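Just so we're on the same page, the numbering used here is the position in the sequence shown counted from 1, plus 9. Note that CB positions come from ideal geometry on N, CA and C, so glycine has one too. The model shown is predicted, which means the values in this text are computed figures rather than measured ones. The next block holds one structure in the form of C-alpha cells; read it before the comments.
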Amino acid sequence: MHFVIMGCGRVGATLAHSLIKRGHQVAVIDQDPAAFHRLGPDFPGRRIKGVGFDREVMKDAGVPQAFAFAAVSSGDNSNIIAARVARETYGVERVVARIYDPKRAEIFQRLGIPTVATVRWTADQTLHHLLPEGSTPDYFDPSGALVIGQIHVNPLWIGRRLTEIERTFGVRVAFVTRLGDALIPTAESVYQEGDELHLVARRGTLPELEHRLDTVRPEE
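Here it is, written out as C-alpha cells:
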C-alpha cells in the first residue's frame with residue numbers, strides 16, 4: 010500500500026523506514042532538502058520537496074491514491090492543515106496529525122482526526138512508571154468519552170477470573186500485560202500476580218473507579 014508522510018524529522022524518518030520494512034510504498038514530503046539525509050542513501054521511497062499542504066505537492070506525492078497520510082512535521086498549524094486537506098479534499102480515510110498542543114489535539118480527536126500529542130504521551134508514560142496506582146489513560150476515543158487506562162487492582166483479586174472483575178466494577182479488560190507480553194483475555198483468564206490490567210471505562214468515572222479497584226474486596 011502507498012503511504013505519504015509529511016515531515017522528515019526523527020519521527021517521520023523512523024515511520025518511513027518502518028513502513029518500508031513492512032513492504033509498503035512510501036513518499037516523504039519536506040520543505041528542507043537537507044532533512045532527507047535522515048532517510049539514508051539507500052531509502053527506496055520517494056522524496057518530495059515542498060510545502061506539505063500544497064495541493065500540487067500532495068498530488069505529486071500520491072496523496073489522492075494513498076492508503077494513509079501522516080502529518081508529523083514540527084508545526085502544529087501545518088500538520089492540521091495538511092491532515093484536513095488529505096481527509097477532506099482527497100478522501101484519505103486514515104489520517105494522523107502530530108500536535109504538540111494538547112488542547113488542539115483534543116479538538117481534532119473530536120473531529121475524527123487521530124492525533125499524537127507528543128508532550129502528553131511522554132508525560133503519561135512517565136506517570137505510569139512513577140505512580141503504580143495512577144489512572145492516567147493510555148488512549149482516548151475520538152469523542153473523548155471512553156478511555157483505556159492502566160489501573161491498579163487490589164492484590165486480593167489475584168486468582169479471580171477477569172470476568173468477575175468486569176462484572177463487579179462495570180468495566181471491560183481491553184488487554185493484560187504479563188511478564189512484558191500483551192495478552193487478550195478470554196472468559197477463562199485469571200488475574201495473576203504482577204499483571205497490569207488495561208481497562209476500558211468512561212472518562213469521568215476514573216477517579217472513583219481507581220478508588221474502588223484498590224479498596225473493594227472480592228466476595229468469599
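Checklist entry - If we ignore side chains and look at the alpha-carbon of each, how far apart do Phe184 and Gly21 end up? => result For Phe184 and Gly21, the distance between alpha carbons rounds to 29 Å.
Check your understanding: Assuming Val13 and Ala36 make a contact with CB atoms under 8 Å, what is their CB distance in whole Å?
Key -> With 8 Å as the limit, Val13 and Ala36 qualify as a contact, their Cβ atoms being about 5 Å apart.
| What whole-angstrom Cβ distance do Phe178 and Arg221 have, given they're in contact under 8 Å? | 6 Å
Buried or exposed: where does Met15 fall if 16 or more other Cβ atoms within 10 Å of its Cβ makes it buried? buried
Contact belief for Val199 with Arg169 at Cβ below 8 Å, rounded distance in angstroms: 7 Å
Beta carbon of Ser82 nearer than 9 Å to that of Ala91
Yes, they are a contact pair.
Pull up the DSSP beta-bridge partners for Lys58, would you. Asp39
Could you give the C-beta distance for Arg181 and Asp204, rounded to a whole number, given that I count them as a contact under 8 Å?
Not really, about 15 Å apart at Cβ, beyond 8 Å.
**OP:** Please specify which runs of the beta strand (DSSP E), each continuous and at least 3 residues long, are wholly inside the stretch 63-116, giving them in chain order.
**Re:** 77-80, 103-107
Fill in: Three-way DSSP call (helix, strand, coil) for Phe12 in this model
strand
(Q) Please report the straight-line C-alpha distance between Val104 and Asp39, rounded to a whole angstrom. (A) 17 Å
#### Entry: Top-ranked residue by Cα proximity to Ser27, from Leu208, Tyr99, Gly54, Gln159
Gly54
Classify His207 as helix, strand or coil using the three-state DSSP reduction.
-> Residue state, collapsed to three classes: strand.
| message | Spatial neighbours of Leu165 within its chain, please: C-beta separation below 7 Å, excluding the five flanking residues on both sides. | response | Arg226, Pro227
Exercise. Taking all protein chains shown into account, decide if Asp85 is buried (16 or more other Cβ within 10 angstroms of its Cβ) or exposed.
Key: buried
Just the Cα atoms here: how many angstroms apart are Gly61 and Ala43? 16 Å
As assigned by DSSP and simplified to three states, the class of Arg221:
helix
Identity of the residues DSSP links to Leu192 by a beta bridge = Paired residue(s): Val185.
Next item on the list: Could you tell me whether the Cβ atoms of His33 and Gly71 are closer together than 9 Å?
Entry: no
query: Hey, quick one: how far does the alpha helix (DSSP H) through Thr44 stretch, first residue to last?
result: As written in the sequence, residue 44 is Ala, which differs from the Thr given in the question. Premise fails: Ala44 is in no alpha helix (DSSP H) and is neither H nor E.
Next item on the list: Would you grab the beta carbon distance between Asp212 and Ala154 for me? Rounded to a whole angstrom, and I think it's under 8 Å.
Entry: Position check: residue 212 holds Arg in this sequence, whereas Asp was assumed. Confirmed, about 6 Å.
Next item on the list: Look at the alpha carbon of Leu24 and the alpha carbon of Ile108, and state the distance between them as a whole number of angstroms.
Entry: 16 Å
Return the CA-CA distance between Ile157 and Val209, expressed in angstroms with no decimal places.
-> Computed Cα separation, rounded: 5 Å.
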